[in-house]
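In what follows, a structure is listed as structure tokens, so that the remarks can point back to it.
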Amino acid sequence: LLIATPEYNHGTSGLLKNAIDWASRPARQSVLDAKPVALMGASTGLGGTARAQADVRDTLAFPGAQAMAEPELYVSRAKTKFDQLRLTDEPTRAALRELLEALVDWTERLRTLTAAA
């Protein structure tokens, strides 16, 4: 699962928090349990959604989602990296590729661990 979060007032959006809360039910039977997750986000400021991603990571822990610790993708100054909704900044494109490749690897590792259990 790849989650892209905005950042509002130093945290994630209420909409994303609510979606995760609903997906966490019923308790101990969540569709998020043991689900591999990567986080990313873009903002116009310098933080690149770092605080929002920390909020999402904390929220995902309760239903048992397995959020990757690394790599992290915080896209700051997003207005300079997109053109008509297309990501044009090559270093950011490379970081996104790295994140997606890591998510595939993380998914495979969790699948192997689950199968062995």
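Numbering (our numbering), first residue to last: 233 to 349.
Glycine residues also receive a C-beta, built at the ideal position from the N, C-alpha and C atoms.
If you're wondering where the values come from, they're calculated on a predicted model, not measured in any experiment.
Task: Where Val-336 sits in the DSSP three-state scheme - done: helix
Task: Candidates Ala-266, Pro-238, Ala-299 and Thr-346, of which the one nearest Gly-279 by Cα - done: Pro-238
- [ ] Might you give, ordered along the chain, the residues of its own chain that have their beta carbon closer than 6 Å to the beta carbon of Pro-268, omitting 5 neighbours on each side?
- [x] Gln-298, Trp-338, Thr-339 and Leu-342
Open item on the list: Could you compute how far the alpha carbon of Ala-350 sits from the alpha carbon of Val-263?
Closed with: The structure shown does not extend to residue 350, since the chain spans only 233 to 349, so no value can be given for it.
Task: Own chain residues within Cβ distance below 8 Å of Pro-303, not counting five before or after - done: Ala-327, Glu-330, Leu-331 and Ala-334
TODO: Using alpha carbons as the reference points, say which of Arg-257, Thr-324, Phe-294 and Gln-285 lies closest to Met-272.
DONE: Gln-285
Open item on the list: Taking its Cβ as the centre, do 16 or more other Cβ atoms sit within 10 Å of Asp-287, making it buried, or is it exposed?
Closed with: buried
Task: Rounded straight-line distance, which links the Cα of Thr-281 to that of Thr-291 - done: 15 Å
Open item on the list: Starting from Ala-236, trace the beta strand (DSSP E) in both directions and tell me its first and last residue.
Closed with: 234-236
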